[in-house]
Amino acid sequence: MLTFVVRVWVPDRPGALGQVASRIGAVRGDVVGIDILERGAGMAIDELVVTLASADLVDLLVTEIGEVDGVAVEEIRSVPAGRPESAIVALQIAARLVDLDQHKLLDGLCVETLQFLEADWVVALSPSEEQVHVELGDAPAPGWLGAFIIGSRHLEPTKQHQTAPHDLAWASLDGHDVAVVAGRVTRAFRSRERQQLDLFGRIAGGLLRPAA
Numbered sequence: 045m046l047t048f049v050v051r052v053w054v055p056d057r058p059g060a061l062g063q064v065a066s067r068i069g070a071v072r073g074d075v076v077g078i079d080i081l082e083r084g085a086g087m088a089i090d091e092l093v094v095t096l097a098s099a100d101l102v103d104l105l106v107t108e109i110g111e112v113d114g115v116a117v118e119e120i121r122s123v124p125a126g127r128p129e130s131a132i133v134a135l136q137i138a139a140r141l142v143d144l145d146q147h148k149l150l151d152g153l154c155v156e157t158l159q160f161l162e163a164d165w166v167v168a169l170s171p172s173e174e175q176v177h178v179e180l181g182d183a184p185a186p187g188w189l190g191a192f193i194i195g196s197r198h199l200e201p202t203k204q205h206q207t208a209p210h211d212l213a214w215a216s217l218d219g220h221d222v223a224v225v226a227g228r229v230t231r232a233f234r235s236r237e238r239q240q241l242d243l244f245g246r247i248a249g250g251l252l253r254p255a256a
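Under my numbering, the sequence shown has 127 at position 83, and the numbering climbs by one with no breaks.
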């Protein structure tokens, strides 16, 4: 069996997700995981982890799901078999961050963020000083990122998507002039992902505080 993550837009109405699952079953697919990434304006954006007998069924799967009224497939991508649930992965990341030495914490946070969010780049920087501490991938200039973070500090993580570029997500480390910024051009960041990154930042900020 092959495993795929299918990101779908579903009307936020009773039974809609069940109809999608039924269509998946029609092509001998099995839904083995669901993440609700965002809800609002009468729609939900879900990521379904689906197993299929063959990659040849992917196009048929997309067609079948699209037959449900109001449903659209945003993206489908192959993932390794046995992929753990994102909630479990997030807890594992938190545990690994706690185990890190302080001088390795920002590096670890950026590596974990890059992998967990499947981002194209991640930067840890001090926005007010435009100082980059860690950079993974080809990120924008630190001056632009610093100005952007300072200008966006009033936004709550769950509200970032309403005004922020869809290809950026960020989190400030509580008690420190440090922010972690991630970029991804393959698909938009959603509320759940932004909240998860914010929590990683809060954990790292707490760990960086000097012991009382």
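Virtual Cβ for every residue (Gly too), placed ideally from N, Cα, C.
Inset, instruction - Kindly indicate if chain D contains any beta-carbon less than 8 Å away from that of Gly59. - result: Of the protein chains in this structure there is only one, and it is not chain D.
Legend entry - Among Pro58, Ala226, Gln239, Pro209, the one whose alpha carbon lies nearest that of Asp113: In the sequence shown, residue 113 corresponds to position 69, counting from 1. The shortest C-alpha to C-alpha distance from Asp113 to any of Pro58, Ala226, Gln239, Pro209 is the one to Pro58.
Legend entry - Ser172 (DSSP reduced to helix, strand or coil): The residue given as residue 172 occupies position 128 in the sequence shown. Coil at Ser172, not helix or strand.
Legend entry - Contact check, Arg234 vs Leu81, beta carbons under 8 Å: In the sequence shown, the residue the question calls residue 234 occupies position 190. In the sequence shown, the residue the question calls residue 81 occupies position 37. In contact: Arg234 and Leu81 (Cβ atoms closer than 8 Å).
Inset, instruction - Classify Gly245 as buried or exposed, calling it buried when 16 or more other Cβ atoms lie within 10 Å of its own Cβ. - result: Looking up residue 245 in the sequence shown gives position 201. Buried.
Inset, instruction - Classify Glu162 as helix, strand or coil using the three-state DSSP reduction. - result: Taking the sequence shown and counting its residues from 1, the one referred to as residue 162 is at position 118. Reduced to three states, the DSSP call for Glu162 is coil.
Inset, instruction - Take the Cβ of Leu169 as the centre, count every other Cβ of all protein chains shown within 10 Å, and call the residue buried at 16 or more, exposed below. - result: Indexing the sequence shown from 1 puts residue 169 at position 125. Leu169 comes out buried.
Inset, instruction - Taking 8 Å as the cut-off, decide whether the C-beta atoms of Gly126 and Val117 are in contact. - result: Mapped onto the sequence shown, residue 126 falls at position 82. Mapped onto the sequence shown, residue 117 falls at position 73. Taking 8 Å as the Cβ cut-off, Gly126 and Val117 do not qualify as a contacting pair.
Legend entry - Cut-off 8 Å between Cβ atoms - residues of its own chain near Val76, not counting five sequence neighbours on either side: On the sequence shown, residue 76 is found 32 positions in, with the first residue counted as 1. Closer than 8 Å at Cβ, skipping near neighbours: Thr47, Val93, Val94, Thr95.
Inset, instruction - State the start and end residues of the unbroken beta strand (DSSP E) segment that holds Asp74. - result: Position 30 of the sequence shown holds residue 74. 74-84 is the extent of the beta strand (DSSP E) around Asp74.
Inset, instruction - Measure the alpha-carbon distance for Ile68 versus Glu119 and round it to whole angstroms. - result: In the sequence shown, the residue the question calls residue 68 occupies position 24. In the sequence shown, the residue the question calls residue 119 occupies position 75. Rounded to the nearest angstrom, the two C-alpha atoms are 15 Å apart.
Inset, instruction - Label Pro171 either buried or exposed according to how many other C-beta atoms from any shown protein chain fall within 10 Å of its C-beta, with 16 as the threshold for buried. - result: Taking the first residue of the sequence shown as position 1, residue 171 is located at position 127. Per the 10 Å Cβ criterion, buried.
Legend entry - Counted within 10 angstroms of its Cβ, other Cβ atoms place Val167 as buried (16 or more) or exposed: What you label residue 167 is simply residue 123 of the sequence shown in a count that begins at 1. With 16 or more other CB atoms across the displayed protein chains lying within 10 angstroms of its CB, Val167 is buried.
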